[in-house]
Amino acid sequence: MRTIFEDLIGNTRRVYLIGIGGAGMSALARILKHRGIEVAGSDRVENRVTRELAASGITVHLGQNETHFQSGDLVIYSSAIKKEHLELKAAVEAHMKVCHRAEILASLFNRSSTSIAVTGTHGKTTTTSMIAFVLSELGKNPTCMVGGDLLNLGTNTLCGDPQLWVAEVDESDQTHELFAPHYGIVTNLEEDHMEHYGDLEALKASFTTFISHFRNPGLVIYSSEDQALQELVRQSAKPALSFGWNEAADFSARAVEQTAYTSKFELWEAGLFVTDVRLSVPGRHNIANALAAFALLFQLGLEASEIVPVLERFRGARRRLEIKWSSPQISVIDDYAHHPTEVKASLEALRSLGEPLTVIFQPHRYSRTLHLYREFGHAFDAADQVILTEIYSAGEANPGNVDVNLIYRQVRESGFKDVQMMEKDKIISNLLSRTNLRGVVAFLGAGDIGEIADEFANCVKNPA
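To convert, note that position 210 of the sequence shown is 1464 in the numbering used here; the numbers rise steadily by one, no gaps.
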């Protein structure tokens, strides 16, 4: 894909976003509205995001209707929208200006004087959120788009200086290749989104293209723990900084302590001690995210003495080990983890609390389940009990005989015995019927399992 530098917005007065309730689309809607553009859109069903957009003055239609968008100058869609979508099809047939979400975002992002892109298989939402929060709290007034709400700010969007951009960039559909950042963070690189790429080599080739687009200073910040990523960065010949647990990394963490829902570590740069850091989010993966954020923020001229007090107040992103309810008897956690590596990292963080750990997991996409089910074998080892529910399709058709049994059998064969399958609508009643249920109850997945987490938390808070 080519990078986009032309102004795709131009004199547009009205835009219509198909799938406006999605994380990326809702953020773009808010930014366009902030620019004085009249914004409307549609989504399949009403949800928290569509209600928030409507409350802000954005017209949101439910369902598909080819008359909804006819007053718009520009129609925007995302990769979640199929070509057969009634509104998209009608817009194309009417020869209206139609653009992909990433094209519009890249058009805005690439024309800024300082642009920061964060991508990678895991950790990009939290890393982007950390950077956005620090820059905002220190008065830098960035424009930011994040894949999840910052809990401190209650939004996934900051409408600030259009010349200072921070964006979480999606690699799932290869649209990260549209971006040409001045600074880029690649958190890691693993097999994912194989329904698009086919194999790991194609994914690596795409990241090679992405890195080649970086502009002066063209700095790549990457994980030193990822050998494939290391090689890509080396071959790119771009200036680079590494972060990780290895003391040879440019930014490393030492003397790590994890207690309850916090993490403590020493920050080292180029083999020299910099400062002590305390995070209000748990897990080694969040320490890695913080290392990447420090590496970037230092390049922008910020000092550790400025960054640390702000980062210590960072409470995380929505659905990233989010505490929905906590009492001495039970804590309810909602987490977006859906890749085996993410599941393992989240559960290890929760295991450090020293409490019994019950996990409810909703697999995401048939294609991902078919490609990765073997890797789920030991992903739940840190848990005490596991409930697996049906796959969230995310609009995919089942290619045939792909169901949660694939993961269930793999987990059982790996030696984990306390695992069961359960229909989603029976989970809450089952949990509430357990008279000995205590400790941490964690709901994991990228689908709609968060709604069950909310409902269960409400039941625990307000017992009948």
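Ideal Cβ positions, reconstructed from N, Cα and C, are used throughout, including at glycine.
Determine the direct distance from the alpha carbon of residue j to that of residue i, and round the result to whole angstroms.
i       : j       : result
His1430 : Asn1690 : 47 Å
Leu1359 : Glu1479 : 30 Å
Ala1547 : Gly1649 : 34 Å
Val1535 : Met1399 : 21 Å
Glu1700 : Leu1575 : Looking at the sequence itself, residue 1700 is Ala, so the reference to Glu does not match. About 13 Å.
Thr1368 : Ala1502 : 29 Å
Leu1660 : Ile1291 : 48 Å
Arg1256 : Cys1353 : 14 Å
Val1293 : Glu1644 : 36 Å
Glu1557 : Phe1519 : 17 Å
Phe1433 : Ser1332 : 16 Å
Leu1686 : Ala1707 : 13 Å
Gly1276 : Val1303 : 8 Å
Ser1390 : Ala1421 : 14 Å
Gly1726 : Val1423 : Given that the chain is displayed from residue 1255 to residue 1718, the structure contains no residue 1726 and the question cannot be resolved.
What is the DSSP secondary structure of residue i, counted as helix, strand or coil?
i       : result
Glu1444 : coil
Lys1671 : coil
Asn1364 : coil
Leu1392 : coil
Phe1386 : Before going further, note that residue 1386 is Ala rather than Phe in the sequence given. Ala1386 falls in the helix class under three-state DSSP.
Lys1680 : helix
Ala1696 : strand
Gly1337 : It should be noted that the sequence gives Lys, not Gly, for residue 1337. Note: Lys1337 maps to coil in three-state DSSP.
Val1656 : coil
Ala1494 : strand
Ala1371 : strand
Leu1607 : coil
Arg1210 : Not covered by the structure: residue 1210. The range shown for the chain is 1255 to 1718.
Gln1512 : strand
Let me confirm a value: residue i is counted as buried when at least 16 other C-beta atoms fall within 10 Å, else exposed. Which label applies?
i       : result
Val1372 : buried
Thr1321 : exposed
Glu1677 : exposed
Lys1220 : Any question about residue 1220 goes unanswered here, given that the chain covers just 1255 to 1718.
Phe1505 : buried
Lys1378 : buried
Asp1589 : buried
Asn1655 : exposed
Arg1666 : exposed
Val1440 : buried
Got a sec, what are the start and stop residues for the alpha helix (DSSP H) residue i sits in?
i       : result
Gln1481 : Gln1481 to Ser1490
Arg1532 : Looking at the DSSP string, Arg1532 is not in any alpha helix (DSSP H); the run it does join, the beta strand (DSSP E), is Leu1526 to Leu1533.
Asn1543 : Arg1538 to Gln1553
Glu1431 : Here Glu1431 belongs to no alpha helix (DSSP H), and DSSP marks it neither H nor E.
Arg1302 : Arg1302 to Ala1309
Asn1712 : Ile1703 to Lys1715
Gly1565 : Note that residue 1565 is Leu in the sequence shown here, rather than Gly. Element bounds for Leu1565: Ala1558 to Leu1565.
Ile1577 : Where Ile1577 is concerned, there is no enclosing alpha helix (DSSP H), although the beta strand (DSSP E) it sits in stretches over Glu1576 to Ser1580.
With respect to the beta strand (DSSP E) encompassing residue i, which residues constitute its N-terminal and C-terminal limits?
i       : result
His1354 : Lys1351 to His1354
Thr1612 : Leu1611 to Phe1615
Pro1416 : Asp1415 to Glu1422
Thr1516 : Thr1516 to Glu1523
Asp1588 : Ile1584 to Asp1589
Arg1268 : Arg1268 to Ile1272
Leu1632 : Contrary to the premise, residue 1632 reads as His rather than Leu in this sequence. Element bounds for His1632: n/a, residue is neither H nor E.
Given a cut-off of 8 Å on the beta-carbon distance, is the pair residue i and residue j in contact?
i       : j       : result
Ala1696 : Leu1611 : yes
Ile1584 : Arg1688 : no
Ile1703 : Ile1614 : yes
Ser1545 : Ala1507 : Here residue 1545 is Leu; the residue named in the question, Ser, does not match the sequence. Yes, Cβ-Cβ distance for Leu1545 and Ala1507 is below 8 Å.
Ser1490 : Thr1462 : yes
Trp1522 : Val1528 : yes
Ala1283 : Ile1258 : no
Ala1281 : Thr1411 : yes
Val1388 : Val1564 : yes
Ile1475 : Leu1443 : no
Ile1263 : Ser1361 : yes
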